[in-house]
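A.B. asks: Just so we're aligned, residue 2 is where the sequence shown starts under my numbering, counting upward by one.
C-beta atoms are modelled at their ideal positions from N, C-alpha and C, and glycine is treated no differently.
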Amino acid sequence: MKTYKLLTPGPLTTTDTVKKEMLFDHCTWDDDYKQITQEIRKKLLELAHVSEDEYTAVLMQGSGTFGVESVITSVIGENDKLLICANGAYGERMADIADHAKIDHVIYNEHYNLVPDAAKVAEMLDADPAITHVSMVHSETTSGILNDIEAVGKVVKEKGRVFIVDAMSSFGGVDIPVADWGIDFIISSANKCIQGVPGFSFIIARRSLLMESAGKARSLSLDLYDQWKTMEVDGKWRFTSPTHVVLAFAQAMKEMEAEGGIPARNRRYTENNRLLIEKMNEMGFRTYIDGTHQGPIITTFFYPDECHFTFDQMYRYIKERGYAIYPGKVTEAPTFRIGNIGEIYREDIEKVCGIIKEFLEEYNHEEN
Ligand SMILES: *Cc1c(COP(=O)(O)O)cnc(C)c1O
């Protein structure tokens with residue numbers, strides 16, 4: 002079987018031991034299984050640096066978007082209004098969710114290579130008292146930029162609003178003191194930095210606000226409060242849960258702890274990212290995001306000035322040699338992306354950069 006490692010922002014390359022957990026068809030209603038769910042929920046709160054009195058964790062079937070949609074459509078009431086800070090496709094997806102659910106909202110669009118500005122958010126909140134909630138992406142996977150949720154959270158709290166963060170591609174890879182940064186709802190998923198496989202998202206929610214949201218949800222299956230209420234009793238999921246994915250995730254959490262938790266994972270990803278950018282720069286690739294805002298998860302690169310190859314050629318060449326990279330997603334210039342999360346180490350970065358170097362030697366000539 003020909004395999005490759007994923008240099009994408011999730012799903013990502015997982016360990017064999019995480020994959021092996023999925024060989025067991027677990028029963029959903031028995032105590033062992035419910036206990037695993039409860040253990041996961043408890044550990045998620047620890048990773049978020051929050052107490053069980055103030056916060057609670059909810060697991061939700063589906064990919065990350067299901068988690069974001071669950072929060073937005075469950076906690077923002079009919080008389081509420083959402084301010085969405087968007088500097089990439091995932092911020093814009095929140096607006097799409099709000100549109101579909103007919104939720105009153107305004108968008109603060111920022112250029113894809115700039116972070117949303119806390120002062121601008123403050124201004125918008127002062128100008129529009131009807132705004133009750135503010136939402137934003139932490140690691141904008143579209144570009145790889147790491148947004149300043151701490152600064153925006155501070156403003157949102159000062160102005161007495163609710164703060165919702167999509168930390169899909171950063172949670173577990175970047176330390177986030179959720180309570181200290183004024184975050185009321187934070188969303189991530191099983192297949193990103195905790196290095197599980199795809200199948201559910203999770204939400205860490207401020208208990209009081211979650212309880213207040215009872216009865217507000219616009220969808221049955223994505224009703225965050227109802228999902229929580231059932232799960233809170235004894236760890237039973239409301240509808241069929243992705244049992245194999247849950248078992249794999251529990252194992253992934255153990256492996257994360259063994260690696261040294263978020264600090265160790267952050268060091269590994271940051272070093273992967275630093276090395277990648279250094280080596281790519283040496284080959285003439287410039288990054289789309291500047292050094293101050295570049296996050297440690299995924300990097301957007303411009304093609305070289307003298308470029309005689311297509312993404313497809315490069316993708317296939319690298320894939321045949323063991324790695325899968327990602328197309329670009331920013332709108333203004335042709336780019337491509339390389340992720341460095343998952344079971345990816347220094348050797349992998351060195352190897353893939355070696356492959357890219359060979360590719361350039363073979364392909365980047367006029368005659369191509
Ligand atoms: C991965 C990701 C999502 C969720 O995408 P899905 O395809 O639904 O898993 C949402 N926001 C960000 C920032 C992401 O990186």
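What are the partner residues of M254, as DSSP defines its beta bridges?
C.D. replies: Answer by DSSP bridge pairing: none, since M254 is not bridged.
A.B. asks: If contact is defined by three or more beta carbon pairs under 8 angstroms, each pair taking one atom from either stretch, is the stretch 355-367 in contact with the stretch 26-45?
C.D. replies: Short answer: they don't touch.
A.B. asks: Determine the extent of the beta strand (DSSP E) in which H101 is found, giving its start and end residues.
C.D. replies: It is not in any beta strand (DSSP E) - H101 instead sits in the alpha helix (DSSP H) that spans 90-101.
A.B. asks: T66: beta carbon under 7 angstroms from a heavy atom of ligand 1?
C.D. replies: Checking every heavy atom of ligand 1 against the Cβ of T66, one is found closer than 7 angstroms.
A.B. asks: Return the chain-ordered list of same chain residues with a C-beta closer than 6 angstroms to the C-beta of Y318, the five sequence neighbours on each side being excluded.
C.D. replies: Contacts found: F360.
A.B. asks: From the DSSP output, read off the bridge partner residues of A325.
C.D. replies: L7.
A.B. asks: Say whether the stretch 133-143 touches the stretch 79-87, bearing in mind that this needs 3 or more beta-carbon pairs closer than 8 angstroms, one atom from each stretch.
C.D. replies: Enough Cβ pairs lie closer than 8 angstroms, so yes.
A.B. asks: Under a Cβ-count criterion, where at least 16 other Cβ atoms within 10 Å of its own Cβ denotes burial, should S52 be classed as buried or exposed?
C.D. replies: Exposed, by the Cβ-count rule.
A.B. asks: In three-state terms, what does DSSP make of C86?
C.D. replies: Strand at C86.
A.B. asks: Check whether the Cβ of G200 sits closer than 7 angstroms to any heavy atom of ligand 1, and report yes or no.
C.D. replies: Flag unset: Cβ of G200 not near ligand 1.
A.B. asks: Exposed or buried, what is M212 when buried is set at 16 or more other beta-carbons lying within 10 Å of its beta-carbon?
C.D. replies: Classification of M212: exposed, given that the 10 Å Cβ count is below 16.
A.B. asks: Give the range of the beta strand (DSSP E) segment to which F360 is assigned.
C.D. replies: From DSSP, F360 is part of no beta strand (DSSP E) but of the alpha helix (DSSP H) over 347-364.
A.B. asks: For a quick check, are the C-beta atoms of L8 and I326 less than 8 angstroms apart?
C.D. replies: Yes, the pair counts as a contact, with Cβ atoms nearer than the cut-off.
A.B. asks: Which one of V156, V135, K155 has the shortest CA to CA distance from V163?
C.D. replies: The option with the nearest alpha carbon to V163 is V135.
A.B. asks: Just to check, is the beta-carbon of S220 closer than 7 angstroms to a non-hydrogen atom of ligand 1?
C.D. replies: For ligand 1, not one heavy atom lies less than 7 angstroms from the Cβ of S220.
A.B. asks: Taking contact to mean 3 or more Cβ pairs, one atom from each stretch, closer than 8 angstroms, check whether the stretch 226-241 and the stretch 280-289 are in contact.
C.D. replies: Cβ pair count under 8 angstroms is below three, so no.
A.B. asks: Which residue or residues does DSSP assign as beta-bridge partners of A206?
C.D. replies: DSSP lists T57, F186 as partners of A206.
A.B. asks: With DSSP as the reference, label Y226 as helix, strand or coil.
C.D. replies: Three-state DSSP puts Y226 in a helix.
A.B. asks: Any heavy atom of ligand 1 closer than 7 angstroms to the Cβ of E141?
C.D. replies: At least one heavy atom of ligand 1 is nearer than 7 angstroms to the Cβ of E141, so yes.
A.B. asks: So, at 7 angstroms on beta carbons, what are the nonlocal neighbours of P117 in its own chain, with the 5 sequence-adjacent residues on each side left out?
C.D. replies: Closer than 7 angstroms at Cβ, skipping near neighbours: C86, N88, Y109, E111, M137, N148, V153.
A.B. asks: Does the beta-carbon distance from P305 to G329 come in below 8 angstroms?
C.D. replies: Against a cut-off of 8 angstroms, the Cβ pair of G329 and P305 comes out as no contact.
A.B. asks: Using 7 angstroms as the cut-off, classify the Cβ of S71 as near or not near the heavy atoms of ligand 1, replying yes or no.
C.D. replies: No, the beta carbon of S71 sits no closer than 7 angstroms to any heavy atom of ligand 1.
A.B. asks: Does the Cβ of D167 lie closer than 7 angstroms to at least one heavy atom of ligand 1?
C.D. replies: Answer for D167: yes, Cβ within range of ligand 1.
A.B. asks: Taking F302 and R287 to be in contact with their CB atoms under 8 angstroms, please state how far apart those CB atoms are, rounded to whole angstroms.
C.D. replies: F302 to R287, Cβ: 7 angstroms. Contact.
A.B. asks: Excluding the five sequence neighbours on either side, which residues of its own chain have a C-beta within less than 8 angstroms of the C-beta of R347, listed in chain order?
C.D. replies: Cβ within range, chain order: E272, N273, L276.
A.B. asks: Expressed to the nearest angstrom, what Euclidean distance is found between the alpha-carbon atoms of I165 and T311?
C.D. replies: Whole-angstrom Cα-Cα distance: 39 angstroms.
A.B. asks: In angstroms, rounded to a whole number, what distance separates the CA positions of E367 and C308?
C.D. replies: For E367 and C308, the distance between alpha carbons rounds to 9 angstroms.
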